[in-house]
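> For the sequence shown, this note's numbering gives the first residue as 130, with consecutive numbering after it.
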Amino acid sequence: MRRFSQVHGAARYGPVWSGSFGTLRTVYVADPTLVEQLLRQESHCPERCSFSSWAEHRRRHQRACGLLTADGEEWQRLRSLLAPLLLRPQAAAGYAGTLDNVVRDLVRRLRRQRGRGSGLPGLVLDVAGEFYKFGLESIGAVLLGSRLGCLEAEVPPDTETFIHAVGSVSVSTLLTMAMPNWLHHLIPGPWARLCRDWDQMFAFAQRHVELREGEAAMRNQGKPEEDMPSGHHLTHFLFREKVSVQSIVGNVTELLLAGVDTVSNTLSWTLYELSRHPDVQTALHSEITAGTRGSCAHPHGTALSQLPLLKAVIKEVLRLYPVVPGNSRVPDRDIRVGNYVIPQDTLVSLCHYATSRDPTQFPDPNSFNPARWLGEGPTPHPFASLPFGFGKRSCIGRRLAELELQMALSQILTHFEVLPEPGALPIKPMTRTVLVPERSINLQFVDR
130 MRRFSQVHGA ARYGPVWSGS FGTLRTVYVA DPTLVEQLLR QESHCPERCS FSSWAEHRRR
190 HQRACGLLTA DGEEWQRLRS LLAPLLLRPQ AAAGYAGTLD NVVRDLVRRL RRQRGRGSGL
250 PGLVLDVAGE FYKFGLESIG AVLLGSRLGC LEAEVPPDTE TFIHAVGSVS VSTLLTMAMP
310 NWLHHLIPGP WARLCRDWDQ MFAFAQRHVE LREGEAAMRN QGKPEEDMPS GHHLTHFLFR
370 EKVSVQSIVG NVTELLLAGV DTVSNTLSWT LYELSRHPDV QTALHSEITA GTRGSCAHPH
430 GTALSQLPLL KAVIKEVLRL YPVVPGNSRV PDRDIRVGNY VIPQDTLVSL CHYATSRDPT
490 QFPDPNSFNP ARWLGEGPTP HPFASLPFGF GKRSCIGRRL AELELQMALS QILTHFEVLP
550 EPGALPIKPM TRTVLVPERS INLQFVDR
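1) With a threshold of 16 other CB atoms inside 10 Å of the CB of Trp398, please say whether the residue is buried or exposed.
2) State whether the region 535-548 contacts the region 404-412, with contact taken as three or more CB pairs (one from each stretch) at a distance under 8 Å.
3) Tell me whether Pro353 sits in a helix, a strand or coil according to DSSP, three-state version.
4) Assuming Val452 and Asn394 form a contact by the criterion Cβ under 8 Å, report the distance between their Cβ atoms to the nearest whole angstrom.
5) Using only the alpha-carbon positions, how far apart do Glu355 and Arg369 sit?
6) Taking 7 Å as the cut-off, is the C-beta of Val295 nearer than that to any heavy atom in the ligand GTP?
7) Quick one: is Arg501 buried, meaning 16 or more other Cβ sit within 10 Å of its Cβ, or exposed?
8) Let me know the secondary structure DSSP gives Arg369 once reduced to three states.
9) Does the beta-carbon of Ala426 have 16 or more other beta-carbons within 10 angstroms, so that it is buried, or is it exposed?
10) With distances taken between CB atoms, is the gap from Thr484 to Ala441 smaller than 8 Å?
11) Could you check how far apart the C-beta atoms of Val389 and Ala334 are, in whole angstroms? I think they sit under 8 Å.
12) Can you tell me the Cα-Cα spacing of Ile464 and Ala282, whole angstroms?
13) Taking the C-alpha atoms as reference points, what is the distance between Val565 and Glu445?
14) From the DSSP output, in three-state form, read off Glu259 for me.
15) Going by alpha carbons, who is nearest to Phe517 out of Thr508, Ala530, Asp328 and Pro507?
16) Can you check DSSP and say which residues form a bridge with Gly148?
17) How about Leu556 and Ile541: are their beta carbons less than 8 Å apart?
18) Pairs of beta-carbons, one from the region 305-322 and one from the region 283-296, closer than 8 Å: are there three or more?
19) Determine the DSSP secondary structure at Ser299, reduced to helix, strand or coil.
20) Would you call the region 180-197 and the region 493-507 touching, i.e. three or more CB-CB distances under 8 Å?
21) Can a CB atom of chain C be found closer than 8 Å to the CB of Val442?
22) Decide if Arg568 is buried, meaning its Cβ has at least 16 other Cβ atoms within 10 Å, or exposed.
23) In whole angstroms, give me the CA-to-CA distance for Arg241 and Tyr401.
24) Would you call the CB atoms of Arg233 and Gly274 closer than 8 Å?
25) Over the uninterrupted alpha helix (DSSP H) stretch that includes Thr227, give me the two end residues.
26) Would you say the region 153-161 touches the region 474-494, given that touching needs at least three Cβ pairs under 8 Å?
27) Going by CA-CA distance only, name the one from Asp487, Val231, Asp328 and Glu259 that's closest to Arg243.
28) Could you tell me which of Gly148, Leu363, Pro161 and Ala212 sits nearest to Ser523, measuring between CA atoms?
29) For Glu416, which residues of its own chain have a beta-carbon under 6 Å away from its beta-carbon, when the five flanking residues on both sides are left out?
30) In terms of residues, what are the limits of the beta strand (DSSP E) holding Val466?
31) So for Thr489, helix, strand or coil by DSSP?
32) Out of Phe519, Thr421, Pro558 and Asp328, state which residue places its alpha-carbon closest to the alpha-carbon of Ala294.
Here you go:
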């Protein structure tokens, strides 16, 4: 559901209403108390509305489902394998060393990109495009234990193809979800484009997974299993757990997609807001400088996680611009939410964008104000802003995403003062499956 439709629906109909998106009949919930009631009644394997076109692609093209498309016991099995490696704070912090070099390469790339295509010194065009590359390089290093070349002066063609497919699949997903299956034969363009995008992403992931498989086989040839090196990436762990190559490829493909969108969009919006609020940027730069002084030459996640303003800035950006503006559940039994009974197998849409901009929860809700997370003003309902979801279906990459954001912001603000593009008008968000800027965000990066 589009973000403005959420806000309009809540204002017109109240906290709960019924509507449709394409062929899907849906109950919408836009009240944090009711959202909490629904989520706390989840079953052992919570089911959400799957992207039916994604699942159909997996079926027709004989591809394995990953965490984004799996349901039921298969989802539970995959989640149980990956959660200890991603959701535990100590486990996520262990990737800081892997990410450190990636972040420093991002800073070098931003320096190279200044002035290109604009003629204005310091101006980087379409920062989201640069952060897409950073997001893919980061998640690739964690998943595959190798660098993909996204931040080099010349990006490898297959990497560029993958990045383009990530952007394109968001658009084709919206179009195919709004169309009944029989219409795909009459208007084949959106379905064909979606299949092309997914096939390109799967091919990219498969090449890299097979490379890691070959390296592991050569490295461990002749060694008993207990003597094998532990590895420092998730693909190696999945190989050790005897997960099939097809399943590994499915999970790597979907996790690459999720990792790119979350980090790139949030970094873009964060620097956009900081460029327009120089007082907050100055205070944050001072906090980073003081908080990481003496920790080590390359401050990692432990020091950064103790910086309250840094955490508040990220939290406020995710409130204003949640990567996924709405989530969904399909109850496996009749449930009561407030004064409503929602029947079994009903699609329920949780309107996170609407609740995170609710003036009863957040005074002056459309304003960027990180201080609201530092004890200033009323305390919002804990379910008013849920950028990473809640419960068993919450974002499995939350800890890793927060670490990437903290490390990237600390290095960017250490090296640059970030200024808005001269004369640029305000930029609003729009929905493209995920929440994205309505047009390119261009920013100036001035050496400190």
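Where is the CB? At the ideal position from N, CA and C, for every residue including glycine.
Let me spell this out:
1) Against the sequence shown, residue 398 aligns to sequence position 269. Counting Cβ neighbours within 10 Å, Trp398 comes out buried, since at least 16 surround it.
2) yes
3) Position 224 of the sequence shown, counted from the start, is the residue given in the question as residue 353. With a pLDDT of 48 at Pro353, under the threshold of 50, the predicted position of this residue should be treated as unreliable, though the coordinate-derived value follows. Residue state, collapsed to three classes: coil.
4) Here residue 452 corresponds to residue number 323 of the sequence shown, with the count starting at 1. Here residue 394 corresponds to residue number 265 of the sequence shown, with the count starting at 1. 6 Å between Cβ atoms; contact.
5) Taking the sequence shown and counting its residues from 1, the one referred to as residue 355 is at position 226. Taking the sequence shown and counting its residues from 1, the one referred to as residue 369 is at position 240. For Glu355, the predicted structure reports a pLDDT of 44, less than 50, and the residue's modelled location is therefore unreliable. A value from the coordinates is still provided. Cα-Cα distance, rounded: 10 Å.
6) Within the structure as shown, the ligand GTP is missing, as the structure has no ligands at all.
7) Taking the first residue of the sequence shown as position 1, residue 501 is located at position 372. That one is buried.
8) The sequence position of residue 369 within the sequence shown is 240, counting from 1. The answer is helix: DSSP assigns Arg369 an H, G or I state.
9) For this step, residue 426 is matched to residue 297 along the sequence shown. At Ala426, the pLDDT of 48 sits below 50, so the modelled position is not reliable; the number obtained from the coordinates is stated separately. Ala426 is exposed by the Cβ-count criterion.
10) Residue 484 sits at position 355 when you count from the first residue of the sequence shown. Residue 441 sits at position 312 when you count from the first residue of the sequence shown. Taking 8 Å as the Cβ cut-off, Thr484 and Ala441 do not qualify as a contacting pair.
11) Along the sequence shown, read from residue 1 onward, the residue named residue 389 stands at position 260. Along the sequence shown, read from residue 1 onward, the residue named residue 334 stands at position 205. Wrong, their Cβ atoms sit about 12 Å apart, outside the cutoff.
12) On the sequence shown, residue 464 is found 335 positions in, with the first residue counted as 1. On the sequence shown, residue 282 is found 153 positions in, with the first residue counted as 1. The straight-line gap from Cα to Cα measures roughly 54 Å.
13) For the purposes of this step, residue 565 is identified with residue 436 of the sequence shown, where counting begins at 1. For the purposes of this step, residue 445 is identified with residue 316 of the sequence shown, where counting begins at 1. Their backbone Cα atoms lie some 16 Å apart in a straight line.
14) By one-based count along the sequence shown, residue 259 stands at place 130. Helix, per DSSP.
15) Taking the first residue of the sequence shown as 1, we reach residue 517 at position 388. When only C-alpha atoms are compared, the closest one is Ala530.
16) Residue 148 sits at position 19 when you count from the first residue of the sequence shown. Per DSSP, Thr155.
17) Against the sequence shown, residue 556 aligns to sequence position 427. Against the sequence shown, residue 541 aligns to sequence position 412. It is Ile, not Leu, that sits at residue 556 in the sequence shown. Contact: no.
18) no
19) Locating residue 299 in the sequence shown gives position 170, counting from the first residue. Reduced to three states, the DSSP call for Ser299 is helix.
20) no
21) Absence of chain C from the displayed structure is noted, only one protein chain being present.
22) Position 439 of the sequence shown holds residue 568. Classification of Arg568: exposed, given that the 10 Å Cβ count is below 16.
23) Residue numbering aside, residue 241 sits at position 112 when the sequence shown is read from its first letter. Residue numbering aside, residue 401 sits at position 272 when the sequence shown is read from its first letter. Approximately 20 Å between the Cα atoms of the pair.
24) Start at 1 with the first residue of the sequence shown, and residue 233 comes out as number 104. Start at 1 with the first residue of the sequence shown, and residue 274 comes out as number 145. Not a contact, by the Cβ cut-off of 8 Å.
25) Along the sequence shown, read from residue 1 onward, the residue named residue 227 stands at position 98. Run containing Thr227: Ala225 to Gln242, per the alpha helix (DSSP H) assignment.
26) yes
27) Here residue 243 corresponds to residue number 114 of the sequence shown, with the count starting at 1. Of the listed residues, the one whose Cα sits closest to Arg243 is Glu259.
28) In the sequence shown, counting from the first residue as 1, residue 523 sits at position 394. Comparing Cα positions, the closest option is Ala212.
29) For this step, residue 416 is matched to residue 287 along the sequence shown. So the list reads Leu436 and Leu438, once near-sequence residues are dropped.
30) Residue 466 sits at position 337 when you count from the first residue of the sequence shown. That run of the beta strand (DSSP E) goes Ile464 to Val466.
31) The sequence position of residue 489 within the sequence shown is 360, counting from 1. In the structure shown, Thr489 sits in coil (DSSP, three-state: anything other than H, G, I, E or B).
32) As a position in the sequence shown, residue 294 is number 165, starting the count at 1. Taking only the C-alpha atoms, the option nearest Ala294 is Asp328.
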